[in-house]
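Engineer:
Encoded structure:
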């Protein structure tokens, strides 16, 4: 997106994608809607290693939570195309995801030099001066993407573990209870075979 300048179209676009919290009234909720254009969708697709990003929409509300704090609740909608992890063929996925953030003035900034108490609520963030909706929608989409997209009918590759001169151990063998199941079957078999001798 081009730098914003007073009076030009870029300034208007920037105003729609960046929300300065100090400009908002703390007495009411504020709605927002972001529908990125084709150029922004292409840029986000490149950042997230997508084949294509066909649709993207973020609609939500900012609600005051105290004198300075804000709560954000939004709905993310997107249609993404990713490469299949097995065949690299395109896999299309429709994403509908709720997005929640809590912006808090008393939440400390992350600092590697100091120990910061971990918060159980992972949606809480330090209160920013401005909320960048482009950054928010990119982050939310990245978290919502399927980690291992697959074309229908493809199966995960079977991994084989072995050393030279030894029989290969498969994924099935590596399961923790595979041996116990085999032992149980053997014992059951032995018991049925010996029942007639008593």
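Residue numbers (the working numbering): -14 to 183.
We treat Cβ as the ideally placed atom computed from N, Cα and C, and that holds for glycine.
Restricting to runs no shorter than 4 residues, where is the alpha helix (DSSP H) found entirely within the stretch 21 to 93?
Structural biologist: 23 to 32
Engineer: Could you name the residues of the same chain whose beta carbon sits closer than 7 Å to that of residue 35, not counting the 5 residues immediately before and after it, in chain order?
Structural biologist: 65, 66 and 67
Engineer: Taking the alpha carbon of residue 52 as the reference point, which residue from 26, 42 and 9 has its own alpha carbon closest?
Structural biologist: With distances taken between Cα atoms, residue 52 lies closest to 9.
Engineer: If residue 2 and residue 118 are in contact, beta carbons under 8 Å, what's the gap, nearest whole angstrom?
Structural biologist: Cβ atoms of residue 2 and residue 118 come within 8 Å of each other, at about 5 Å.
Engineer: Going along the chain, which residues of its own chain have a beta-carbon closer than 6 Å to the beta-carbon of residue 4, five neighbours each way excluded?
Structural biologist: 116
Engineer: Tell me the DSSP bridge mates of residue 115?
Structural biologist: 5
Engineer: For residue 89 and residue 54, which I take to be in contact (beta-carbon distance under 8 Å), what is that distance rounded to the nearest angstrom?
Structural biologist: Taking a contact as a CB-CB distance under 8 Å, the pair residue 89 and residue 54 counts as one, their CB atoms being some 5 Å apart.
Engineer: Specify the secondary structure class of residue 107 as computed by DSSP and reduced to three states.
Structural biologist: Correct three-state label for residue 107: coil.
Engineer: Skipping 5 residues on each side, what residues in its chain have a beta carbon closer than 8 Å to that of residue 136?
Structural biologist: 69, 71, 72, 74 and 76
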